[in-house]
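*Asks:* Structure incoming, see below.
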Amino acid sequence: MSKIGQKLDSTFLIHLQGALDFSPACIVIAKAPTGEVTYINEAVIKFWGKTGLSVTDIEIEQYIKTWKEYSADGHLLLEHELPLTRAIQFGEIVESEEIIVELDDGTRKWALVSASPIYDDEGNIIAGSVIWCDITTQKELEKKLDQKASYDFLTGILSRQKIFELASRAFIRSQQDNSPITFLMFDIDHFKSVNDNYGHIIGDEVLQVFADIIQSNIRPSDTFGRIGGEEFLVFFQNTPFDLGILLAETLRHKIESHPIMTKAGTINITTSIGIFSTSDDNMEVSDLEDVLLKVDRGLYNAKHKGRNCIGKI
Numbered sequence: 059m060s061k062i063g064q065k066l067d068s069t070f071l072i073h074l075q076g077a078l079d080f081s082p083a084c085i086v087i088a089k090a091p092t093g094e095v096t097y098i099n100e101a102v103i104k105f106w107g108k109t110g111l112s113v114t115d116i117e118i119e120q121y122i123k124t125w126k127e128y129s130a131d132g133h134l135l136l137e138h139e140l141p142l143t144r145a146i147q148f149g150e151i152v153e154s155e156e157i158i159v160e161l162d163d164g165t166r167k168w169a170l171v172s173a174s175p176i177y178d179d180e181g182n183i184i185a186g187s188v189i190w191c192d193i194t195t196q197k198e199l200e201k202k203l204d205q206k207a208s209y210d211f212l213t214g215i216l217s218r219q220k221i222f223e224l225a226s227r228a229f230i231r232s233q234q235d236n237s238p239i240t241f242l243m244f245d246i247d248h249f250k251s252v253n254d255n256y257g258h259i260i261g262d263e264v265l266q267v268f269a270d271i272i273q274s275n276i277r278p279s280d281t282f283g284r285i286g287g288e289e290f291l292v293f294f295q296n297t298p299f300d301l302g303i304l305l306a307e308t309l310r311h312k313i314e315s316h317p318i319m320t321k322a323g324t325i326n327i328t329t330s331i332g333i334f335s336t337s338d339d340n341m342e343v344s345d346l347e348d349v350l351l352k353v354d355r356g357l358y359n360a361k362h363k364g365r366n367c368i369g370k371i
C-alpha cells in the first residue's frame, strides 16, 4: 500500500470496496508474479453470464483461467500476450485494447480492455489490475452497419465504396507479386431509354437482373460491384489480358442473349465493356485511380464503336 493508502481510514476503504464491487466495468486483480486472482467484482459475473451467482459462490480460478482471449484480428493470445500478464510480468500499461473473450461455454464477447501494474513503496510490482467493458453489442452494430455500407441496396452486390476498397488492395498485391489483374467496366446500353419508356421501377428490375447475370457467370475468385447508376465494375485477379477479354466477351454475350422478363413485358438489353489489364506492357499505372481512368477510357471507346462491344484504351 502506498503512503497515501496508509492514511486512508477504514470507512473510506469500505466505500472504495463498494465502488469497485458495483462498478459497471469488469475488474480483476491478481498477484504478481503468479497471476493468482485475488479479486473480481460483480460485473465479471454478469459478463460471464452467470447472473444467478455472486462472487462468494464460486472459486474464481475455476473459470477465469478457462477463458481464451483473442486479438481483434482473431489471433489467439498466448500467456505473455494477455493484458493482465503484460501488466504483472512486464510492468506494461495497456490502454483501451479491443479483444475477443471466449468463455468456458464457447460464447464469444468483445471487450475493451485496460490493464496496469500495482507497485509497492519500493517500486516492486506486487499485483496487477485489468478492467474491461463489454462492447459486444457495439461491435455487432458496427458489423451490421459495415455490411450495409458494403453492399448495394438495390442489387445486393458490392457497393461502390467496397469494390473500390477491394480493387485497391488487389491492385497493390498484384504490383507486389508481379501478377496480372484485369478490370472490366460495364455500362448498360441506352439504359436511360428503359427508364424513360418503362419507368424507374422497371429500370430497377433491369439493374437487378443484369447484376444477377454477371454475378452468376463470373468465377468465385472474381469480384463484382456496382459503381453508380447503370455502371458496374469487375476485376479478375491473376488474369492476363488475353484471358480477361475472353471472359468479357462471354459476359457480353450472356447479357445480349438473356431477355429480361419484367412487369412491363420482355426487355432486351446489351452492354458496353471497357477493359484494362496490368499485363499490357505498354500501359504503366501507379494506382487504382490510373487503372479506373484507363478502363473508363476503354468503355468510352466501346460506346464510340457502336456499343454492345468491348473497348480498350
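Just so we're aligned, residue 59 is where the sequence shown starts under our numbering, counting upward by one. In this text, a Cβ means the ideal position worked out from N, Cα and C, and glycines have one as well. Here the structure is a predicted model, which means the values were calculated and not measured.
1. Secondary structure at S226, three-state DSSP: helix, strand or coil?
2. Reducing DSSP to helix, strand and coil, say where L346 ends up.
3. Tell me the rounded alpha-carbon separation between T194 and A83.
4. Measure from the alpha carbon of D162 to the alpha carbon of each residue in W106, T143, S154, then state which is nearest.
5. Do I325 and D247 have their C-beta atoms closer together than 9 Å?
6. Would you decide whether S60 is buried or exposed? Buried here means 16 or more other CB atoms lie within 10 Å of its CB.
7. What do you get for S232, buried or exposed, if any count of 16 or more other CB atoms within 10 angstroms of its CB means buried?
8. Looking at the unbroken beta strand (DSSP E) that takes in S174, where does it start and where does it end?
9. If L216 sits next to T281, beta carbons under 8 Å apart, how far is it from one beta carbon to the other, in whole angstroms?
10. What do you reckon, are the CB atoms on I221 and L291 nearer than 9 Å?
11. Could you give the residue range of the beta strand (DSSP E) that holds W190?
12. Runs of 4 residues minimum, wholly inside the stretch 277-343: which ones carry the alpha helix (DSSP H) assignment?
13. Can you list, in chain order, the stretches of the beta strand (DSSP E) that have 3 or more residues and sit fully within the stretch 88-157?
*Replies:* According to the structure data:
1. helix
2. helix
3. 14 Å
4. W106
5. no
6. For S60, the predicted structure reports a pLDDT of 41, less than 50, and the residue's modelled location is therefore unreliable. A value from the coordinates is still provided. So S60 counts as exposed.
7. buried
8. 166-177
9. 7 Å
10. yes
11. 183-192
12. 299-314
13. 95-98, 126-129
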